[in-house]
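Enquirer:
In the working numbering, the protein residues as written are -4 to 457.
Below is the structure:
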């Protein structure tokens, strides 16, 4: 973790290391009405070592050893690429997750999970109770976790400061399970198609216009869960969560491994009230550096978070929205710095809400920023994605070190279909091709190396 100066002692200041949510949340959210909350209403759920292992085992069952979900004869007879095998596996995963719902008693859940087939005279029974990856005890632990999650949801709903409950968002201390959305390909494709059509209607353009914007909105919609079962489904299907829990378990003390009922260090589940944004694509990454000579933090760089999204209002000719966002972000950064009481550099992720307001004479509309939400704080390092900055670019290094003036980087025009899809995950790109077809061949297209560097060429620096 970098600080304002390598020689500056931090003994009188808080040190946040990886800036886990639980480390900074109490500084940035207060129930005291005299202190404005900077972020979303949040609670935390500790994970035991054995619960973390159960999540890992269920992920491995689903994504590494899925044949263990199948009747023995099916698993042996069908080749891996057989469509029937894949359909069996898909249905078995759905059935597996559904067995964790609809009851509240843990013993009933275990019976439901393991004896469902027999109780329903289903001769096509799975061998879950005999396989080694996901055990009966794991089933108990997953169900206990689900019940605890639902209790957290209910508690948060009771204290919600928002006019309505949009849903909930669940993540680990370090990362979100956003990749878990893509495991349900058909559902995500449907959501993506819906967002593409809405974007076309709102913009008055073709359905292929600004595809990345629809992708961001689809992810945003799918990460909003209504109950614990939906949250568990995201968690146990996320490779990001799997990797972070695996790493946390790998580095715990050997003596602690002998007491699996104890709390897992460094990782919790973070449960937040989900605040639906009309424009979730208006998220920005803010680089904040501590200057020893000034004895204060300053914003040195701002970039749109989703580097493939064209933010049309931000490119409005008068620049008023961009100016309001920059000023608001600088004020927020100073408030965060004051509350954290640290001399460390940090990176803020923020979301912007704004509206169109008619001028007094009613002849034209103006932009007005109504709220800047702090989403999270990250460490100021190469582990943080630079978005439209580039850690290998000399200008970026000079800007983010404070040697050059503050830069606000945005895309100045929409990407072509080819450019946009190149930056997306393979699964998402395939879904877009299914919906909107392949990108057309661009006039005069040449496969130059710098063709991939469209973000830099298309980046407006203010």
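Virtual Cβ for every residue (Gly too), placed ideally from N, Cα, C.
Since we're looking at a predicted model, the values are computed, not measured.
Does the contact criterion of 3 or more C-beta pairs under 8 angstroms hold for the region 272 to 281 versus the region 157 to 176?
Expert: No: fewer than three Cβ pairs fall under 8 angstroms.
Enquirer: Quick one: is residue 312 buried, meaning 16 or more other Cβ sit within 10 Å of its Cβ, or exposed?
Expert: Locating residue 312 in the chain shown gives position 317, where the first residue counts as 1. Classification of residue 312: exposed, given that the 10 Å Cβ count is below 16.
Enquirer: In this structure, does DSSP put residue 323 in helix, strand or coil?
Expert: Counting from 1 along the chain shown, the entry for residue 323 is found at position 328. Correct three-state label for residue 323: helix.
Enquirer: If you check the beta carbons only, do residue 245 and residue 175 fall under 8 angstroms apart?
Expert: Start at 1 with the first residue of the chain shown, and residue 245 comes out as number 250. Start at 1 with the first residue of the chain shown, and residue 175 comes out as number 180. Not a contact, by the Cβ cut-off of 8 angstroms.
Enquirer: In terms of alpha-carbon separation, which member of 275, 416, 378, 375 lies closest to residue 300?
Expert: The sequence position of residue 300 within the chain shown is 305, counting from 1. Residue 275 is the option with its Cα nearest to residue 300.
Enquirer: What is the DSSP secondary structure of residue 317, reduced to helix, strand or coil?
Expert: Translated into positions along the chain shown, residue 317 becomes position 322. Note: residue 317 maps to helix in three-state DSSP.
Enquirer: Output needed for residue 341: all residues of its chain with C-beta closer than 6 angstroms, excluding positions within five of it in sequence on either side, in chain order.
Expert: Walking along the chain shown from the start, residue 341 turns up at place 346. The residues are 283, 372, 375.
Enquirer: Where does the unbroken alpha helix (DSSP H) through residue 426 begin, and where does it stop?
Expert: Position 431 of the chain shown holds residue 426. First-last of the alpha helix (DSSP H) with residue 426: 421 to 431.
Enquirer: I need the straight-line Cα distance from residue 101 to residue 94, nearest angstrom please.
Expert: Indexing the chain shown from 1 puts residue 101 at position 106. Indexing the chain shown from 1 puts residue 94 at position 99. Note that residue 101 has pLDDT 48, beneath the 50 cutoff, so the model's placement of it is unreliable and no number is given.
Enquirer: Are there three or more Cβ pairs, one per stretch, closer than 8 angstroms when the region 246 to 254 is compared with the region 186 to 201?
Expert: Flag = no, the region 246 to 254 and the region 186 to 201 do not touch.
Enquirer: Under three-state DSSP, which class holds residue 296?
Expert: Residue numbering aside, residue 296 sits at position 301 when the chain shown is read from its first letter. Strand, per DSSP.
Enquirer: Would you list the one or two residues that DSSP bridges to residue 402?
Expert: The count along the chain shown starts at 1 and reaches residue 402 at position 407. Residue 402 pairs with 296.
Enquirer: If we ignore side chains and look at the alpha-carbon of each, how far apart do residue 290 and residue 396 end up?
Expert: In the chain shown, residue 290 corresponds to position 295, counting from 1. In the chain shown, residue 396 corresponds to position 401, counting from 1. When rounded, the distance between both Cα atoms is 15 angstroms.
Enquirer: Going by the CB atoms, is the gap between residue 242 and residue 172 shorter than 8 angstroms?
Expert: Here residue 172 corresponds to residue number 177 of the chain shown, with the count starting at 1. Here residue 242 corresponds to residue number 247 of the chain shown, with the count starting at 1. Not a contact, by the Cβ cut-off of 8 angstroms.
Enquirer: Using DSSP with H/G/I as helix, E/B as strand and the rest coil, what is residue 369?
Expert: Start at 1 with the first residue of the chain shown, and residue 369 comes out as number 374. The answer is strand: DSSP assigns residue 369 an E or B state.
Enquirer: Give the secondary structure of residue 46 by DSSP, where H, G and I count as helix, E and B as strand, and everything else as coil.
Expert: If you number the chain shown from 1, residue 46 lands on position 51. It is helical.
Enquirer: The beta strand (DSSP E) that contains residue 436, what's its start and end?
Expert: As a working note, residue 436 is residue 441 in the chain shown. Taken as a continuous stretch (DSSP letters only), residue 436 belongs to no beta strand (DSSP E), as it is neither H nor E.
Enquirer: Look at residue 129 and residue 88 and say whether their C-beta atoms are less than 8 angstroms apart.
Expert: Locating residue 129 in the chain shown gives position 134, counting from the first residue. Locating residue 88 in the chain shown gives position 93, counting from the first residue. No, they are not a contact pair.
Enquirer: Which whole-angstrom value is the C-beta distance of residue 298 and residue 207, which I expect to be below 8 angstroms?
Expert: In the chain shown, counting from the first residue as 1, residue 298 sits at position 303. In the chain shown, counting from the first residue as 1, residue 207 sits at position 212. Not really, about 15 angstroms apart at Cβ, beyond 8 angstroms.
Enquirer: Kindly confirm or deny that the region 326 to 341 and the region 349 to 358 touch, where touching means at least three C-beta pairs closer than 8 angstroms.
Expert: Output reads no: the region 349 to 358 does not touch the region 326 to 341.
Enquirer: Taking only three categories from DSSP, how would you classify residue 311?
Expert: As a working note, residue 311 is residue 316 in the chain shown. Residue 311 falls in the coil class under three-state DSSP.
Enquirer: Could you name the residues of the same chain whose beta carbon sits closer than 6 angstroms to that of residue 215, not counting the 5 residues immediately before and after it, in chain order?
Expert: The residue given as residue 215 occupies position 220 in the chain shown. Result list for residue 215: 275, in chain order.
Enquirer: Terminal residues of the continuous alpha helix (DSSP H) containing residue 161?
Expert: Here residue 161 refers to the residue found at position 166 of the chain shown. Note, residue 161: premise wrong, no alpha helix (DSSP H); not H, not E.
Enquirer: Below 8 angstroms on the Cβ atoms is my contact criterion, and I expect residue 47 with residue 133 to pass it. Report the Cβ-Cβ distance as a whole number of Å.
Expert: Locating residue 47 in the chain shown gives position 52, counting from the first residue. Locating residue 133 in the chain shown gives position 138, counting from the first residue. Rounded, the Cβ-Cβ distance is 11 angstroms, inconsistent with contact.
Enquirer: Please report the residue range of the alpha helix (DSSP H) in which residue 392 lies.
Expert: Within the chain shown, the letter at position 397 stands for residue 392. 389 to 395 is the span of the alpha helix (DSSP H), which, as asked, contains residue 392.
Enquirer: Which whole-angstrom value describes the C-beta separation of residue 141 and residue 223, a residue pair presumed to lie in contact below a C-beta threshold of 8 angstroms?
Expert: For the purposes of this step, residue 141 is identified with residue 146 of the chain shown, where counting begins at 1. For the purposes of this step, residue 223 is identified with residue 228 of the chain shown, where counting begins at 1. Right, the Cβ-Cβ distance comes to about 5 angstroms (below 8 angstroms), so this counts as a contact.
Enquirer: Which first and last residues belong to the beta strand (DSSP E) in which residue 20 is found?
Expert: To locate residue 20, count along the chain shown from 1; it is residue 25. First-last for residue 20: 16 to 23, but that is the alpha helix (DSSP H), not the beta strand (DSSP E).
Enquirer: Is it buried or exposed, residue 155, if we count other Cβ atoms within 10 angstroms and call 16 or more buried?
Expert: Reading the chain shown from its first residue, position 160 is the one you call residue 155. So residue 155 ends up on the exposed side.
Enquirer: Give the range of the beta strand (DSSP E) segment to which residue 260 is assigned.
Expert: In the chain shown, counting from the first residue as 1, residue 260 sits at position 265. It spans 258 to 268 - the beta strand (DSSP E) in which residue 260 sits, taken as one unbroken run.
Enquirer: Taking 8 angstroms as the threshold (C-beta atoms), are residue 40 and residue 143 in contact?
Expert: To locate residue 143, count along the chain shown from 1; it is residue 148. To locate residue 40, count along the chain shown from 1; it is residue 45. Yes, Cβ-Cβ distance for residue 143 and residue 40 is below 8 angstroms.
Enquirer: Near residue 14, which residues of its chain fall below 7 angstroms by C-beta distance, leaving aside the five closest residues on each side in sequence?
Expert: Looking up residue 14 in the chain shown gives position 19. Cβ within range, chain order: 341, 372, 373, 374.
Enquirer: On the CB-based measure, 16 or more other CB atoms within 10 Å of its CB, does residue 19 come out buried or exposed?
Expert: Mapped onto the chain shown, residue 19 falls at position 24. Buried.
Enquirer: Kindly indicate which residue of 310, 17, 23 has the alpha-carbon position closest to the one of residue 329.
Expert: Reading the chain shown from its first residue, position 334 is the one you call residue 329. The shortest C-alpha separation from residue 329 is found at 23.
Enquirer: Below 8 angstroms on the Cβ atoms is my guess for residue 188 versus residue 430; work out the distance and round it to an integer in Å.
Expert: As a working mapping, residue 188 is identified with position 193 in the chain shown. As a working mapping, residue 430 is identified with position 435 in the chain shown. Right, their Cβ atoms sit about 5 angstroms apart.
Enquirer: DSSP on residue 237, reduced to helix/strand/coil?
Expert: Residue 237 sits at position 242 when you count from the first residue of the chain shown. Three-state result, residue 237: helix.
Enquirer: Pull up the distance between the alpha-carbon of residue 402 and that of residue 306, whole angstroms please.
Expert: For this step, residue 402 is matched to residue 407 along the chain shown. For this step, residue 306 is matched to residue 311 along the chain shown. Taking the straight line from one Cα to the other gives about 17 angstroms.
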